[in-house]
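A.B. asks: Sharing a structure with you now.
Chains as they are written, first to last, in my numbering: chain A, 1 to 115; chain B, 1 to 114.
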C-alpha cells in the first residue's frame with residue numbers, strides 16, 4: 001500500500017517567494033496533519049484536518065501560512081511570503097478514525113530552505 | 001490536556017548492549033501511547049502502540065515497551081542494540097476523544113558505539 005506522499009522532497013527558494021508543499025494521505029484516512037521540525041523547536045503541530053475540515057490551526061502562523069484540503073486525497077501548505085526562519089523539514093501525516101487514539105503515518109517530509 | 005516528557009535528549013549505547021529510553025506522560029484517563037523512530041532524512045515510523053490490555057507491548061525491530069500506570073511511564077526497551085538502531089525516538093500520547101491530535105515528546109537521539 002502507498003504511504004503518505006509528500007512533494008517536493010526538497011525546496012530551495014529566496015526570501016519573499018511563495019512556497020507550496022503538497023501531501024497525499026493514505027487512502028481512507030480521514031485525519032491529516034502538518035508538522036514542522038527544526039533543531040531548536042523539535043516537532044511542532046501546525047494544523048490538522050478531519051474530513052477536510054480544519055480542526056485546529058493554533059500552531060500555524062496565520063499571517064503567512066495557509067493550509068487547505070480541497071478533497072480527501074490532497075492537501076497543501078502554503079507560505080507567502082517566505083522568510084529564512086521558515087527553513088525546516090515539513091511533515092505530513094494521516095490517520096484513520098478518531099485522531100487521538102490512532103497511530104499517525106508520516107510522509108518522508110519536505111526539506112525547505114529559504115535563502 | 002495531555003503532555004509527554006522524554007527526559008534524555010541524547011543517549012549513547014554500545015552495540016550489543018541493552019537499551020531503555022524513558023517516557024513519562026500526563027493524562028487524566030487511560031492514555032493511548034506510541035513510540036516512533038526517525039532515521040536521518042526520513043519521516044517518523046511507528047514502532048509500537050499501547051491502547052489497553054497487556055501492559056507489555058511488542059513492536060517492530062525487536063523493540064518492546066511497558067506501560068506503568070503507577071509511574072505514568074511508557075519506557076522503550078531493546079535487549080541488544082544494533083548499529084542500525086541509531087536514530088531519534090519519539091514518544092507520543094493520545095486521548096480517547098474524537099477530534100484530538102497526538103502530543104509528541106521532544107525526542108531522544110540514540111547513538112550506537114562499536
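The beta-carbon is built from N, C-alpha and C at its ideal position, and this holds for glycine as well.
Note that this is a predicted model, so its numbers are computed, not measured.
DSSP three-state label for residue 61 (chain B), please.
C.D. replies: Mapped onto the second chain, residue 61 (chain B) falls at position 61. In this structure, residue 61 (chain B) counts as helix in the three-state DSSP scheme.
A.B. asks: Within 8 Å of any Cβ in chain A, is that where the Cβ of residue 106 (chain B) sits?
C.D. replies: As a position in the second chain, residue 106 (chain B) is number 106, starting the count at 1. Chain A, which has a Cβ nearer than 8 Å to the Cβ of residue 106 (chain B), makes this yes.
A.B. asks: So residue 101 (chain A) packs on residue 32 (chain B), CB below 8 Å; how close in whole Å?
C.D. replies: For the purposes of this step, residue 101 (chain A) is taken as the residue at position 101 of the first chain. For the purposes of this step, residue 32 (chain B) is taken as the residue at position 32 of the second chain. The pair is a contact, with the Cβ atoms about 4 Å apart (cut-off 8 Å).
A.B. asks: Could you list which residues in chain A have their beta carbon closer than 8 Å to that of residue 49 (chain B), in chain order?
C.D. replies: Counted from its first residue, the second chain places residue 49 (chain B) at position 49. The answer, in chain order, is 103.
A.B. asks: For residue 28 (chain B), which residues does DSSP report across the bridge?
C.D. replies: As a first step, residue 28 (chain B) is located in the second chain; it is residue number 28 there, counting from the start. In DSSP, residue 28 (chain B) forms no bridge with anything.
A.B. asks: Does residue 88 (chain B) pass the burial test, meaning 16 or more other C-beta atoms within 10 Å, or should it be called exposed?
C.D. replies: By 1-based counting over the second chain, the position of residue 88 (chain B) is 88. With 16 or more other Cβ atoms within 10 Å, it is buried.
A.B. asks: Just the chain B side, please: which residues come within less than 7 Å of residue 42 (chain A) by C-beta, in chain order?
C.D. replies: Position 42 of the first chain holds residue 42 (chain A). Under the 7 Å cutoff, chain B gives 106 and 107.
A.B. asks: Comparing the C-beta of residue 33 (chain A) with each C-beta of chain B, is any distance below 8 Å?
C.D. replies: The count along the first chain starts at 1 and reaches residue 33 (chain A) at position 33. Chain B, which has a Cβ nearer than 8 Å to the Cβ of residue 33 (chain A), makes this yes.
A.B. asks: For residue 6 (chain B) versus residue 23 (chain B), is the C-beta distance shorter than 8 Å?
C.D. replies: Taking the second chain and counting its residues from 1, one reaches residue 6 (chain B) at position 6. Taking the second chain and counting its residues from 1, one reaches residue 23 (chain B) at position 23. Contact flag set, yes.
A.B. asks: Taking 8 Å as the CB-CB cut-off, is residue 108 (chain A) touching chain B?
C.D. replies: Numbered from its first residue, the first chain carries residue 108 (chain A) at position 108. True, the Cβ-Cβ gap to chain B drops below 8 Å.
A.B. asks: Fully enclosed by the region 12-61 of chain A, which beta strand (DSSP E) runs are 3 residues long or longer?
C.D. replies: Listed in chain order, they are 19-24, 31-38, 42-50 and 53-56.
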